[in-house]
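The first sequence begins at 1 in UniProt numbering and counts up by one. Here a beta-carbon is modelled for each residue, glycine too, at the ideal position from N, C-alpha and C.
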Amino acid sequence: MDSKYNLIGNNKLNITKFKIKPKPTPVLFSKKNGPPSPKKIKLNENESNKSSYMNGNNKFKISIQEQRTKLPVYDKKNKLLDLIRRNNTLIIMGETGSGKTTQIPQYINAAKLQNEGRIGITQPRRVAAVSIAMRVAQEYGNGQQVGDTVGYTVRFEDVTSKRTKIKYLTDGMLLREAMFDSLLMEYTVIILDEAHERTIHTDVLFGIVKTAQKVREAKNFAPLKILIMSATMDVDHFSKYFNDCQAVYLEGRTYPVNIFHTVRPHDDYQTACVATFFKIHREAPANQDVLIFLTGQEEIEAVAHQIRLLGKDPEVEGPPIRVCTLYAAQPSTQQMSVFNPSPENMRKVIVSTNIAETSVTITGIKYIIDCGMVKARTYHPATGLELLKVQRISQEQAWQRTGRAGRESEGTCYRLYTRSQFEMMQKSTIPEIQRANLTSVALQLLALDIHALFFDFMDKPPEDAITAAFEQLKLLGAIDSVESTALTPLGEQMVKFPLDPRFSKILLSAHNFGCLEEVLTVVSLLSVESILLSPPNKKEQANSVRQKFFSAFGDHVTLLNIYREFSNVGQNMRGWCHEHYINMRNILQAREVRCQLEDICRKSGMTISSCGSQMDQVRKCLLTGLFMNVAELHRDRQYITLDKRQVVSIHPSSVLHGQQPHFILFTEVVQTTKCYLRLLSTVDSDWLYEIAPDYMRTHSIKCTKDS
DNA sequence: GAGCACTGC
1 MDSKYNLIGN NKLNITKFKI KPKPTPVLFS KKNGPPSPKK IKLNENESNK SSYMNGNNKF
61 KISIQEQRTK LPVYDKKNKL LDLIRRNNTL IIMGETGSGK TTQIPQYINA AKLQNEGRIG
121 ITQPRRVAAV SIAMRVAQEY GNGQQVGDTV GYTVRFEDVT SKRTKIKYLT DGMLLREAMF
181 DSLLMEYTVI ILDEAHERTI HTDVLFGIVK TAQKVREAKN FAPLKILIMS ATMDVDHFSK
241 YFNDCQAVYL EGRTYPVNIF HTVRPHDDYQ TACVATFFKI HREAPANQDV LIFLTGQEEI
301 EAVAHQIRLL GKDPEVEGPP IRVCTLYAAQ PSTQQMSVFN PSPENMRKVI VSTNIAETSV
361 TITGIKYIID CGMVKARTYH PATGLELLKV QRISQEQAWQ RTGRAGRESE GTCYRLYTRS
421 QFEMMQKSTI PEIQRANLTS VALQLLALDI HALFFDFMDK PPEDAITAAF EQLKLLGAID
481 SVESTALTPL GEQMVKFPLD PRFSKILLSA HNFGCLEEVL TVVSLLSVES ILLSPPNKKE
541 QANSVRQKFF SAFGDHVTLL NIYREFSNVG QNMRGWCHEH YINMRNILQA REVRCQLEDI
601 CRKSGMTISS CGSQMDQVRK CLLTGLFMNV AELHRDRQYI TLDKRQVVSI HPSSVLHGQQ
661 PHFILFTEVV QTTKCYLRLL STVDSDWLYE IAPDYMRTHS IKCTKDS
């Protein structure tokens, strides 16, 4: 199984831990449901049999060109083109199913509004960029392939040619392109799609395209047209930012959803989920499927287990149940099973994280159960700590979840929170830019000669987050002072790598230590998800078979040892990964990242040197980017970080767990029940003075020799 | 001796 989590044996989950009663008591819902803004969920007029062409299996299949004419956007084509022609910046609010993402670029191209340039359309996710490009190429017909008129560019994959007029790309990809050409001269039309999602990349691009447009106009270059496409939210906010530009509204193709709130609050939402599911199960026809939103893998497996158990209870009425789970860390084969249609007489229930909110669309969903919570990462600039926390969703998210029941026909949504709890929720999700570590963003903006403190953000990030980012960049030597608007030569080099600036610094220091070969591997492994599988019931086995890779120097060298053997395996890669409990998907991704990084290194004129077995060199090199991540052992056997003097512990997943080296370099801190350090290497205190003398002048060490 | 939502370059 090629996943970090082996789910075999999960039926042994200790359900009492999650306090789910075997026969949950019913949850009471209020019948009054009218949402305050029913605008978002509505039925289009004269569309009673629209599912006949939405459904690929339908025998009344109609031609691909005919389908295009039935999209809601089609009737607005001329009006839209007129607006796009007359406005340099335009906001297009389009509901789900309006056809805006696939059709508008084609309309623009047919009318040749892009002149000699290209139309670029960004998407927050790779799969979306790729699959939409394929669909649009298919709509072009005439034997056109992806990469002809319509193409896409995502990391590791560029399917475009000189003939490409319409280019779909991830927002991160367009941002990288902007690093090398801030005026984005390749494009005459840029469409930022899914703008309401407010990814950190899209937020930075807002400012970049706005500036590019202005500068190109001033310099009399080819004009740049900007289209912002978004779901129907925050229009005034967007419009104001883009100099009060015009906005248009496109209706979509969604159906009404009945919404129920609970009568009283339910803290134990897991039990409430199970109870609500069986209420639906008793009442609804078998072929109507249910989607349950929960926060994480563990609780998803627990609830799924409970539903399976109760479903087998002869006293429980209703058809047989097929329970599917869905979360990102799952093996892809297991994820795919969610899409298999169930037999007529069986009910499918999908228990999912918020991956089903936007990233994955499942057809046939008639009922939603929304627990009202989400697991989200929060960042504290003052401590540099990242914390995964279960918190309330925003009203926007609640609507997004609700809408998942109205894609093909009318649906029903049970919200496991009261009406007034809903009213208390934040209206919108806080944009990522306001809750993320900004070191990369600050570096990227400096590459464009912009200081992040003066950048035209639509929503400004907190000032202490910007300050923390600049302090880090100064420590790394990317800038000379925190007020600087220019990068040092080292900083210029760092921008070239698609990495956290600390990791870029490590790569760029490698020639001093003669270990670029090794450090390329380590950095690649650090920038993908964990390659180590630790199935809950086979932890011991996994550890003992991987024992031969363990290094007393810590996790970085251990990972390097694993990768070295992996790259010598040759044919039987799958077998080797399985035998050693290695996540094949993730190690292959690391290999791909490594190729990309090596390529950038070569193009920058670096030589790929190897230090052989001198692991001191590797650890010293790691220290050049992570010297602010060192913890010291104190007399009471506690570790304290040199940087912020925080009390921390070694994470039990580390090979150094159970040992007490005096100084450890860590890659990250995660706060759960305690502050844990993950991915560690032992280091010498002497190295700290050698590698980071300036830093050590302000961060003294105790150097206690405890016994 | 603990546990990891989701993206992206």
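- The C-beta of F221 has fewer than 16 other C-beta atoms within 10 Å across all chains shown, which makes the residue exposed.
- The residue among G94, G120, G147, L516 with its C-alpha nearest the C-alpha of D599 is L516.
- Looking at the DSSP output, C611 shares a beta bridge with no other residue.
- One alpha carbon belongs to L438, the other to F278, and they sit about 45 Å apart.
- For K496, there is no enclosing alpha helix (DSSP H), since its DSSP letter is neither H nor E.
- Between the alpha carbons of T558 and M615 lies a gap of roughly 11 Å.
- The criterion of a C-beta distance shorter than 8 Å is satisfied by A590 and L525.
- For E471, the three-state secondary structure derived from DSSP is helix.
- Less than 8 Å separates the beta-carbon of I119 from that of I191.
- The C-beta of V647 has fewer than 16 other C-beta atoms within 10 Å across all chains shown, which makes the residue exposed.
- Between the segment 653 to 662 and the segment 489 to 506 there are fewer than three C-beta pairs closer than 8 Å, too few to call the two in contact.
- Nearest to P319 by alpha-carbon distance, out of Q306, N287, Q297, T295, is N287.
- Closest option to Y367, judged by alpha-carbon separation, among E283, I608, L291, E186: L291.
- Secondary structure at K240: helix, using DSSP grouped into helix, strand and coil.
- Membership of Q391 in the beta strand (DSSP E) is indicated by the continuous run 385 to 392.
- Judged by DSSP secondary structure, A631 falls outside any alpha helix (DSSP H) and instead within the beta strand (DSSP E) spanning 630 to 633.
- Assigned with DSSP and collapsed to three states, C324 falls in strand.
- Comparing alpha-carbon positions, the option among K240, A436, M458, M93 lying closest to T467 turns out to be A436.
- Pairing I228 with Y327, the inter-Cα distance amounts to about 30 Å.
- Q671 and L385 have their C-alpha atoms roughly 7 Å apart.
- Taking a C-beta distance under 8 Å as the contact criterion, I450 and L532 do not qualify as a contact pair.
- F422 sits away from Q400, with the two beta carbons spaced by 8 Å or more.
- With contact defined as three or more Cβ pairs closer than 8 Å, the segment 291 to 309 and the segment 363 to 381 are in contact.
- Boundaries of the alpha helix (DSSP H) around L309: 297 to 312.
- The straight-line gap separating the alpha-carbon atoms of A398 and I430 is approximately 14 Å.
- The Cβ-Cβ distance between Y255 and G411 falls below 8 Å.
- A residue is called buried when at least 16 other Cβ atoms come within 10 angstroms of its Cβ; A128 meets this threshold and is buried.
- Around the beta carbon of G406, 16 or more other beta carbons lie within 10 angstroms, which makes this residue buried.
- At the C-beta level, V441 and I200 come within 8 Å of one another.
- By the neighbour-count criterion, in which 16 or more other beta carbons inside 10 Å mark a residue as buried, C675 falls on the buried side.
- Given a length threshold of 4 residues, each whole run of the alpha helix (DSSP H) inside the segment 664 to 693 is given here in chain order: 685 to 691.
- The segment 155 to 231 contains, as complete beta strand (DSSP E) runs of 3+ residues, the segments 157 to 159, 166 to 170, 187 to 192, 225 to 230 (chain order).
- With a beta-carbon spacing of about 28 Å, T363 and E298 fall beyond the 8 Å limit used to define contacts.
- For N258, the enclosing beta strand (DSSP E) starts and ends at 257 to 262.
- Inclusion of V593 and S504 in the CB contact set at 8 Å is not warranted, their separation being larger than that value.
- Apart from sequence neighbours up to five positions away, the residues of its chain that approach E186 with a beta-carbon distance below 8 Å are G117, R118, G120, E177, ordered along the chain.
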